[in-house]
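Numbering (this note's numbering), first residue to last: 1129 to 1201.
Below is one structure, written out as structure tokens; the observations come after it.
Pasting the structure below:
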């Protein structure tokens, strides 16, 4: 027999999961991944260059990229 798996502490549970409401009921879902404290989409929007956006077919983000190299809000 293997070792018993230990339960997560309350702090670790809060870090890994978040509670949302669906149809008036609470549902526990995993938190979205964060990169440097911001969501993956925001991180890409702030750090990508036009060539990378073109290679990864992110044309919507490419349209918001201005000539001077910054994003238009």
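Here a beta-carbon is modelled for each residue, glycine too, at the ideal position from N, C-alpha and C.
(request) Verify whether the separation of the beta carbon atoms of residue 1133 and residue 1145 is less than 8 Å. (result) Taking 8 Å as the cut-off, the Cβ atoms of residue 1133 and residue 1145 do not count as close.
(message) Check this for me: beta carbons of residue 1171 and residue 1163, under 8 Å apart or not?
(response) Yes, they are a contact pair.
(message) Buried or exposed for residue 1181, going by 16 or more other Cβ atoms inside 10 Å?
(response) Residue 1181 comes out buried.
(request) Using three-state DSSP, classify residue 1137 as helix, strand or coil. (result) DSSP places residue 1137 in coil when its eight states are reduced to three.
(request) For residue 1167, write down the residues that DSSP places opposite it in a beta bridge. (result) Note: residue 1167 is bridge-paired with 1162 in the DSSP secondary-structure output.
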